[in-house]
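Asks: Chains as they are written, first to last, in our numbering: chain D, 6 to 502; chain B, 11 to 117; chain L, 103 to 770. This is the structure I have questions about; it appears just below.
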Amino acid sequence: MTIHLSIVLWLPAFAGMLALVARRFAGWVTFVGSLAALAYAVALLVDFDASSGALQYVTDKLWIDQLGIHYKLGVDGLNIALVGLTTLSFTVCVLWATLEREHPPQFFMWLGVMHTAVLGALLAQDLLLFVLFFDLMLVPVFFLTGIWGAGDRVRAIIRLFIYTLVGSLLMLAGAIALGVLSGTGGEVSFALSDIGSVTLDKGTQEWIFLCFAAAFLVKMPAFPVHGWMPDGYRSMPLPVLAVFSGVLSKVAAYGFLRVVTPLLPDATAHFQMLLLLVGLASILYGSIMAFTTTETRLILGYSSIAQLGFILLGVFSLDDDGAQGAILQSVNHGLVVVPAFFIVGLLAARAGGSQDLRDMGGVAFRAPILAGLFLIVALATLAMPGSSNFVGEFLILFGVFDTKIVIAIVAFTGVVLASVYMLRMFIRSMHNRVNPGVTPTDIRFADGLVLVPMVAVILLLALYPQLPLEKGEQTIPRQVEAASQATGDHHEIQVIR
Amino acid sequence: MSIAWYLAVSAIIFAIGAGGVLVKRNPLVILLCLELMLNAANLALIAFNRMHAEADVHGKVPHDGQVFALIVMVVAACEVTVGLGIIVAMYRRRLPVDVDELRELHG
Amino acid sequence: MTSVKTFAWLTLLFPLAGCIVNALGYRVLRGKLPGYVGTAVLFASFVSAVLMLFSLQDLAVEERHVRAVAWDYMATTGFDGQLALLVDPLSVFMTVTITGVSALIHLYSVAYMGGDRGYTRFFSYLNFFVFSMLLLILAGNFIFLIVGWAFVGAASYLLISFWYRRETATAAGIKAFVINVLGDVGLVLGTFFIFRGSGTLDYLGTFEKAGQISSGDVTAGCILLLVGAFAKSAQIPLHTWLADAMEGPTPVSALIHAATMVTAGVYLIARMWPLFEQSSSAAAVGAIVGCATLFVSATIGLVVTDLKRIIAYSTMSQIGYMIMAVSSGAYVAGIFHFYTHAFFKALLFMAAGSVIAAMAGVQNIDQMRGFRKAMPFTFGCFVIGGLSLSGVPPFAGFFSKDEVLAYVADRGDWHVALVVVGYITAFITAVYTFRMIFRVFFGDPSPEARELEQGHLHHADVPRNPVTGEEEDTEVGFPGPEHHIAEQELPMRLAMGVLALAAIVAGWIQIPNVTEALDNFLEPTFEGSRFHEQLHPSDSLTFGGLAIGALCGIAGIAVAFLIWRRRPEIAVTLRERFRPLHTLFVNKWYADEALDRLFVRPAAWTGRFAQQTFERVVVNGLVVGGPVGLVRAGSAAVRSRQSGFLRAYAALMVLGLAGVLLWLLVRS
């Protein structure tokens, strides 16, 4: 079987367009499209040759000849797991939105476009194609939130838009500079493989690095450029928020490993410490904020900042294990955050619409299934050993421990704080006395359709985290190899199997 | 005949048009004045082509100026269609037909 | 080999199966069925563990380290994490003890939790706990040690907060969980240090390379492992959660917070002996902390009035003995004490649970009197447990405690000081144990006891939280309205009877100069250990120690008899005389307050500061406000030029164009 990446890439958007004419069945049409993409991604995962480190299923067409822009897609160990995560999360979230029965066809059209944009950013093997899809991700968010959001949505979305756009423009400038400056003999090509063959001088690398870092850090978001997050999280519709937090933010982390570390190794080595500190600050700040706020959405929002801080640490440990942990943790975090946001919706429905912890409590006895599923998700989120999240954190922290020991030790504070804020959320919504405004009922069958598959995947990965790990074993270490050598303290550990 | 005559006429027409746009308040008249300016440009284009075009190696004389003038006319026609449509719509809604009164789009 | 592996997996999987069946079948399983399912799987697990023991004994001595590998778990560049078990005499011995005690406690719970509305949930959690504990014990590498370590922490959290409508219970749960996560972090960091030197996560591989790890790494690693052990085993300064953990149902206290989980730290140190023998300073830290804990918690046990908390402090104290033993190289003695302690402490908790049930949930010993006639069976069990705990011959605790002290004394040097503290504490132990017994079972019967003597069980009018006294929401809480469990049910009597027997005879497997069964059995695990060869207390030391130990115990009982039976006024006089000391003990040496001041409050303060000030001023003000202000100012400037006058725009355009034309003219 030959697998064409273009199919999986454009299928969701196509389904989204169909949804516009499907009227009453808009949600189901988009769902089938996403499901087909998911099936395709599973086929990809099965067919993928993990032992080869090369790009597979490559599609390469010269798109704009004069500018050297290629339509080049490919899969390797770096993005395959994330492609799986993306298709799964979108499928589940589209199903969720469909079952809510209150969204018009345009809503699903934008979800489909967003799905394609994310897949495009992950699959793109051409720098400008990547930038294009990266920016395209934002457009559906703008409309989905601006039209169907809650609260002060316009203000929130404009803030988000300006914020991310500034980053994106810097990235565009950086990308063009990178492509043009590494063009040889007047031939410009933006294909990543072509850019990678030329090494720029250190000064140039450094300002290009800063451009990219700005875009990615804002998107993640990382401390201190997370200012758009609280308002944005408050106003996005929940299914959109789930994919936004679960998948879109991971593209930024992925971008670091795909573009920045291999193409700008000297600058990466130069700014390693700065980015590690940003990651560390994100962990501490996110954790502290998460255990003081009472808004359930923001607890998850700030915990995402902390988790992405860990991922950032993993990337900039510039260590084989750290980088693998970063990708694994991206997948894990996406897997837990989607059901967590769904649960936030369920809790709000039981607390009379309020999303504040102070209005919740005591649901567990009447809702044992919800309590059980929430417990699994909460424990996975706090990276309980035995979950795949733990393996991710273990690899990340060991990567950092191996290179910058003090940062690793401080980062462990985040592990302890994570248990505080997740358990606090679990206890205050599920346990203690029943709040007067709460109607404790268990989940419906339809809710189970959304929640159970995600929890099942969490459990599967908890039993066998080797599954995503072995896919990336050949590729991911190579992405940080050059930068690691540039730092000068590269060393190998001998392994006895 | 010297090209200067043509250009002088073109310039005079253009000036009349520009002046009209600046002083008149009725959108209909402003549109007419815009037409004058466009036609002044057309006149200049054609005059330049007629006077200065040189035959190429095959002995053919290019007609770029004329082609441009034709395109300008098409554009002008579109513009007038849309503009008149707006003016009629304004009139129907009993809005004042006066560009100084219509300043909804101020910052 | 294969049969050992098969039995190991079976032992592990039976409780997991019970957990899953009970969790998924919570609507289907009716009546006491969940309890019997939970108990049956535990007995199956116990049988399988015993069979594992026999098949291990069939192997040659040098082959008694069996690795059972299921699949690669996180085997990637640099790591060799597999889902692997290590079956050797140490893990088998622990497994058999744990499954045995667990099975009995499950049996006890079948009756004890009978009136509870979370019956199925309880057995699901309890089975999950045993699974986790066995995973911890049987794990073959650091990864699954950590996994089991964290799983027992989670199970402990779930069971402490079992009655989750009580705010005290949920608060105790989160406290226990967070301190245990702190321990997990210590364990993970310790693993990093050791892995950095050894390059493998596997136990056997690591132990082989123990000598090649740099001394800095091995010391840092061992001390961090000790942090994990201290958190789990409630040693100073990470001990405060254990007393609060008594919020859980009594069988939970018996199983998790006495017999099994809290001894995980002891197991950890015994398991890691090749590393601890590389780092004498880390071992010394363990021994000293163990000694400090055993003394401090015994003093608290003297003054606390909550029945379960007294036993909890005694647990901490006894674990202190074990930690001291294994950190001083007396591995077999430490494990021996774990084994006897599991029986008599579980027994004490069960008997206490019986009394608490008769008091309809009240745990304060000030309100209990004269239960001797009302509950003779419980009384008998409590006394057997108490004698064993006090180290009176020939009960189980006598042999194990004295073996611990004799072996530690044989280390010489400063270890002798530890032993002196150990004997003083043995005396205090006997005093507080019999303080409980005399106050609860002797004297004029309290109204509840009198009611029970007439064959009727006391019921409270409204269920109240035993700690705060506030009225309880009984939807998920114990005691339910129709409980009838004070030692009257057969499963409870059965479980307590077996444990009482064990609390008497369990120590007889290892009597100095008579038998060395345990020593010989554990030999393959500890062969090669420096101390295992060196430490052989002389006969005079051994028998002198036994005599002193017995004397301490009996003297303690006598003192308790004098104070609380003969001359109750002495207690008052003593309290007045030593007022500051009493205050110190009652306030638990201010450990909670210290942790609160040092960690909880600063964290909460930072949180508030970040939330209320930093986010507003710096993030929203400077970082967001900067760019947003810039954009806003720019747009305001441009906006003021947008007058809306069409002709003004036109004029500007004409002027601009004219300007450009002029410029061109001038330039040409």
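Ideal placement from N, C-alpha and C gives every residue a C-beta, glycine not left out.
(1) According to DSSP, which residues form a beta bridge with D/L317?
(2) How should L/S382 be labelled, buried or exposed, when 16 other C-beta atoms within 10 angstroms of its C-beta is the threshold for buried?
(3) Is the Cβ-Cβ distance between D/Q130 and D/L78 less than 8 Å?
(4) Just verifying my parser: in three-state terms, what is the DSSP assignment at D/Q329?
(5) My output table needs one value for D/M278: the three-state DSSP class, helix, strand or coil.
(6) Determine, using beta carbons only, whether L/F701 comes closer than 8 Å to chain B.
(7) Kindly indicate if chain L contains any beta-carbon less than 8 Å away from that of D/A369.
(8) Give me the Cα-Cα distance between L/D698 and L/V329, rounded to the nearest whole angstrom.
(9) How would you list, in chain order, the residues of chain D whose beta-carbon sits under 8 Å from the beta-carbon of L/E269?
(10) Under 7 Å Cβ-Cβ, which residues of chain L neighbour D/S424?
(11) So what does DSSP say about L/N722, is it helix, strand or coil?
(12) Beta-carbon of B/D108 versus every beta-carbon of chain L: anything under 8 Å?
(13) Would you decide whether D/E398 is buried or exposed? Buried here means 16 or more other CB atoms lie within 10 Å of its CB.
(14) Please confirm whether L/D777 and L/D190 have their CB atoms less than 8 Å apart.
(15) Show which residues of chain D have a CB atom less than 8 Å away from the CB atom of L/M176.
(16) Residues bridged to L/N466 by DSSP?
(17) In terms of DSSP beta bridges, what is D/K77 paired with?
(18) Considering only residues of the same chain and omitting the five flanking positions on each side of D/R483, which have a CB-CB separation below 7 Å?
(19) Using the beta-carbon of each residue, which ones in chain L are nearer than 7 Å to D/E478?
(20) Among L/F633, L/M176 and L/G288, which has the Cα closest to the Cα of D/V421?
(21) Taking only beta-carbon positions, decide if L/F716 is within less than 8 Å of chain B.
(22) Taking buried to mean at least 16 other C-beta atoms within 10 Å of its own C-beta, is D/D81 buried or exposed?
(23) If we cut at 8 Å on Cβ distances, does B/A28 have a partner in chain L?
(24) In chain B, which residues lie less than 9 Å from L/S770 when you measure between Cβ atoms?
(25) Can you find the residues in the same chain that come closer than 7 Å, C-beta to C-beta, to D/R164, ignoring five residues on each side of it along the sequence?
(26) Could you give the DSSP three-state label for L/E591: helix, strand or coil?
(27) Would you mind stating whether L/T480 and L/V494 have Cβ atoms separated by less than 8 Å?
(28) Assess contact between the segment 283 to 298 of chain D and the segment 307 to 314 of chain D, defined as three or more Cβ pairs (one per stretch) separated by less than 8 Å. Is contact present?
(29) Looking at the structure shown, is L/Y175 part of a helix, part of a strand, or coil, going by DSSP?
(30) Do you know how far the Cα of B/V109 is from the Cα of L/L764?
(31) Would you say L/Y266 faces chain D, with C-beta separation under 8 Å as the test?
(32) My understanding is that L/F473 touches L/I606, with C-beta atoms under 8 Å, so please give their C-beta distance in whole angstroms.
(33) With a cut-off of 8 Å, does the C-beta of L/V406 fall near any C-beta of chain D?
(34) Quick one: give me the first and last residue of the beta strand (DSSP E) that L/L188 is part of.
(35) Can you list, in chain order, the residues of the segment 85 to 115 of chain B whose Cβ is nearer than 9 Å to any Cβ on chain L?
(36) On the three-state DSSP scale, how would you describe L/D304?
Replies: Quick look at the numbers:
(1) For D/L317, which the question treats as bridged, DSSP gives no partner whatsoever.
(2) exposed
(3) Going by C-beta atoms, D/Q130 is nearer than 8 Å to D/L78.
(4) DSSP places D/Q329 in helix when its eight states are reduced to three.
(5) In this structure, D/M278 counts as helix in the three-state DSSP scheme.
(6) no
(7) By the rule that beta-carbons nearer than 8 Å mark a contact, D/A369 touches chain L.
(8) Roughly 19 Å separates the two Cα atoms.
(9) N437 and R438
(10) When 7 Å is used as the limit between beta carbons, D/S424 is near these residues of chain L: F279, V280 and V283, in chain order.
(11) helix
(12) no
(13) buried
(14) Outside the shown range of chain L, which is 103 to 770, sits residue 777 of chain L, and nothing can be said about it.
(15) V396, F399, L400, P470, Q471 and L474
(16) L/D408
(17) In the DSSP output, where bridge partners are listed per residue, D/K77 has D/D65.
(18) So the qualifying residues of the chain are G58.
(19) Going along chain L in sequence order, the residues near D/E478 (Cβ under 7 Å) are T178 and T179.
(20) L/G288
(21) no
(22) buried
(23) Residue-level contact by beta carbon holds for B/A28 and chain L, with a gap shorter than 8 Å.
(24) Simply none; closest approach about 16 Å.
(25) W233 and D236
(26) coil
(27) In this structure, the beta-carbon distance from L/T480 to L/V494 does not fall below 8 Å.
(28) Inter-segment contact for the segment 283 to 298 of chain D and the segment 307 to 314 of chain D is present: three or more beta-carbon pairs are separated by less than 8 Å.
(29) strand
(30) 29 Å
(31) At least one chain D Cβ lies under 8 Å of L/Y266.
(32) Rounded, the Cβ-Cβ distance is 22 Å, inconsistent with contact.
(33) No, because no Cβ of chain D sits closer than 8 Å to the Cβ of L/V406.
(34) First-last of the beta strand (DSSP E) with L/L188: G183 to V189.
(35) V109, D110, L112, R113, E114 and L115
(36) strand
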